[in-house]
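J.: In this note's numbering, the protein residues as written are 239 to 747. Note that CB positions come from ideal geometry on N, CA and C, so glycine has one too.
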């Protein structure tokens with residue numbers, strides 16, 4: 239009995255030993271010499287010690303994931319076949335580039351999107367769950383690997399010269415830079431410049447992240463056109479002046495940092511000087527536009543109807559103001575998106591010319607109205623609502639004011655405010671339209687333009703809020719009306735100067 243038990247134990251041990259001994263992982267690992275190399279990775283400027291293996295033929299096998307991850311690649315085990323799937327998110331759909339299968343235990347690298355295979359100098363190995371590959375596997379993926387077996391060092395660098403270029407599809411200077419980059423691509427085949435249109439929110443966020451990583455000054459952060467190459471940041475005219483030299487000197491410096499759009503983080507940062515200027519510009523333009531006689535006169539008419547029952551004045555008045563602000567915001571976002579979608583490079587210049595003429599025309603019309611208002615000949619002013627539309631608005635307000643004592647009067651006036659703002663846009667929308675076009679020309683993207691449009695809409699109704707509160711407290715309707723009439727020449731002059739400033743900006747841009 240004892241002999242049978244002992245025999246069984248010996249047989250089990252022998253079987254287990256055979257399984258372990260003949261396991262591919264163990265048998266192959268036994269043929270590999272374990273060595274520690276210093277890995278110098280120019281992608282992230284790191285120096286690390288990593289375990290590598292050398293086969294009997296002297297081929298050094300490098301850890302797949304540790305080499306490729308800093309280069310922007312993702313390594314995942316394929317759930318179907320168990321092979322390591324390697325892809326670069328930046329170009330995984332670009333004709334199969336950057337999307338490979340590492341066939342471990344074979345001298346092969348295959349494409350996951352085609353039948354194409356590449357022969358390697360040595361066999362890929364998997365040791366302790368990690369895949370190790372020869373240097374030419376990385377070379378095929380566009381990653382240069384230099385191995386010094388005496389010094390036990392490995393240098394990992396980009397096989398190509400890499401640049402990251404950000405542009406706006408509505409930018410005239412960007413179009414010129416695009417053509418220049420085409421000549422660089424032809425002249426330097428190893429130079430690869432990835433192009434990102436910041437109209438895509440993810441690309442805009444990526445631009446902001448590059449600004450942080452490259453420590454771009456706040457006043458220049460987010461500018462287009464801009465190009466990142468090696469450790470350099472080239473903005474605007476610097477691209478044409480300095481890029482070619484940067485390409486020639488690329489090997490002397492560090493590799494371009496590769497960031498992925500979906501890896502950037504949304505962080506709260508201080509508002510830069512340029513953004514602060516845009517915020518104040520939006521508030522200022524909205525405030526000036528809110529002083530437009532078209533807007534003030536129709537609101538004065540409504541207040542004259544509401545003064546009869548003053549206790550309902552604020553509820554109805556604020557409802558009207560909120561409706562007007564919301565409609566202006568919605569119209570602004572609609573205009574912004576329409577202009578962004580059609581303002582391609584081909585028509586950007588023509589749109590710029592049109593808006594310059596538009597701004598100068600309305601500067602002249604406001605100047606005409608300034609002199610006309612100085613003579614108190616208000617009926618001859620050019621920029622005012624058509625009489626038919628003004629009468630319809632007044633009739634609508636009279637009807638709505640009849641329900642001022644109702645519980646939902648504020649909600650009713652809210653919708654009336656939206657309707658009136660839509661028709662009133664013919665008179666008050668010129669400054670708004672010009673502001674939106676300038677916003678597009680600046681190449682702003684992400685949520686920042688939405689914030690500017692919201693601030694503009696809020697500033698637009700501030701004069702209405704002030705006027706309502708003054709009348710609510712003082713009850714001096716006629717004095718307020720006379721005051722506004724007296725200030726119409728000044729309002730027209732300020733509006734004219736604002737249009738001139740917009741035209742000058744568009745010309746200089």
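Under a Cβ-count criterion, where at least 16 other Cβ atoms within 10 Å of its own Cβ denotes burial, should residue 737 be classed as buried or exposed?
T.: Taking the chain shown and counting its residues from 1, the one referred to as residue 737 is at position 499. Label assigned to residue 737: buried.
J.: Less than 9 Å between the C-beta atoms of residue 426 and residue 365, yes or no?
T.: Along the chain shown, one-based indexing puts residue 426 at 188. Along the chain shown, one-based indexing puts residue 365 at 127. No. Outside cutoff.
J.: Would you mind stating whether residue 415 and residue 494 have Cβ atoms separated by less than 9 Å?
T.: Counting from 1 along the chain shown, the entry for residue 415 is found at position 177. Counting from 1 along the chain shown, the entry for residue 494 is found at position 256. Not a contact, by the Cβ cut-off of 9 Å.
J.: To the nearest angstrom, report how far apart residue 491 and residue 277 are at their CA atoms.
T.: Here residue 491 refers to the residue found at position 253 when the chain shown is read from its first residue. Here residue 277 refers to the residue found at position 39 when the chain shown is read from its first residue. The alpha-carbon atoms of residue 491 and residue 277 are separated by roughly 17 Å.
J.: Which of the three DSSP states is assigned to residue 461 in this structure?
T.: Walking along the chain shown from the start, residue 461 turns up at place 223. DSSP places residue 461 in coil when its eight states are reduced to three.
J.: Could you tell me which whole beta strand (DSSP E) segments of length 3 or greater appear in the segment 386–460?
T.: Within the segment 386–460, the complete beta strand (DSSP E) runs of at least 3 residues are 391–396, 399–405, 429–435.
J.: Buried or exposed: which applies to residue 424, given that a residue is buried once 16 or more other Cβ atoms fall within 10 Å of its Cβ?
T.: Locating residue 424 in the chain shown gives position 186, counting from the first residue. Exposed, since its Cβ has fewer than 16 Cβ neighbours within 10 Å.
J.: With a threshold of 16 other CB atoms inside 10 Å of the CB of residue 489, please say whether the residue is buried or exposed.
T.: Your numbering for residue 489 matches position 251 in the chain shown. With fewer than 16 Cβ atoms within 10 Å of its Cβ, residue 489 is classed as exposed.
J.: If we ignore side chains and look at the alpha-carbon of each, how far apart do residue 744 and residue 522 end up?
T.: Here residue 744 corresponds to residue number 506 of the chain shown, with the count starting at 1. Here residue 522 corresponds to residue number 284 of the chain shown, with the count starting at 1. In a straight line, the C-alpha of residue 744 is about 18 Å away from that of residue 522.
J.: Go to residue 303, then tell me how far its alpha helix (DSSP H) extends in each direction, as first and last residue.
T.: Residue numbering aside, residue 303 sits at position 65 when the chain shown is read from its first letter. From DSSP, the alpha helix (DSSP H) with residue 303 extends over 302–306.
J.: What does the alpha-carbon distance come out to for the pair residue 293 and residue 391?
T.: Position 55 of the chain shown, counted from the first residue, corresponds to residue 293. Position 153 of the chain shown, counted from the first residue, corresponds to residue 391. Distance between the alpha carbons of residue 293 and residue 391: 17 Å.
J.: In the DSSP assignment, find the unbroken beta strand (DSSP E) run with residue 325 in it and report its ends.
T.: Counting from one through the chain shown, the residue named residue 325 turns up at place 87. Start and end: 322–326.
J.: So, do the segment 369–387 and the segment 463–470 have three or more beta carbon pairs nearer to each other than 8 Å?
T.: They do not touch, by the three-pair rule.
J.: Could you pull the start and end residues of the beta strand (DSSP E) that residue 615 belongs to?
T.: By one-based count along the chain shown, residue 615 stands at place 377. Segment: none, residue 615 is in no beta strand (DSSP E) and carries neither H nor E.
J.: Excluding sequence positions up to five away, which residues of its chain have a Cβ less than 7 Å from the Cβ of residue 539?
T.: As a first step, residue 539 is located in the chain shown; it is residue number 301 there, counting from the start. Closer than 7 Å at Cβ, skipping near neighbours: 632, 635.
J.: When you compare only the Cα positions, how much space is there between residue 624 and residue 663?
T.: As a working mapping, residue 624 is identified with position 386 in the chain shown. As a working mapping, residue 663 is identified with position 425 in the chain shown. One C-alpha to the other measures close to 12 Å.
J.: Taking the continuous beta strand (DSSP E) assigned at residue 276, which residues delimit it?
T.: Here the question's residue 276 lines up with position 38 in the chain shown. Run containing residue 276: 271–279, per the beta strand (DSSP E) assignment.
J.: According to DSSP, is residue 264 part of a helix, a strand, or is it coil?
T.: Stepping through the chain shown from its first residue, residue 264 is reached at position 26. Residue confidence is low: residue 264 scores 44 on pLDDT, short of 50, so the model does not pin down where it sits. No coordinate-derived value is stated.
J.: If you count every other CB in all the chains shown that lies within 10 Å of the CB of residue 524, and 16 or more means buried, which is it?
T.: Here residue 524 corresponds to residue number 286 of the chain shown, with the count starting at 1. Residue 524 should be labelled buried.
J.: Mapping DSSP to helix, strand and coil, what is residue 666?
T.: Position 428 of the chain shown holds residue 666. In the structure shown, residue 666 sits in a helix (DSSP, three-state: H, G or I).
J.: So, with DSSP's three-state summary, where would you put residue 377?
T.: As a working note, residue 377 is residue 139 in the chain shown. Three-state DSSP puts residue 377 in a helix.
J.: Which same chain residues, not among the five before or five after residue 610, have their C-beta less than 7 Å away from its C-beta?
T.: Locating residue 610 in the chain shown gives position 372, counting from the first residue. 618, 619, listed in sequence order.
J.: Among 315, 323, 496, whose alpha-carbon lies nearest the alpha-carbon of residue 283?
T.: Residue numbering aside, residue 283 sits at position 45 when the chain shown is read from its first letter. The residue with the shortest Cα to Cα distance from residue 283 is 496.
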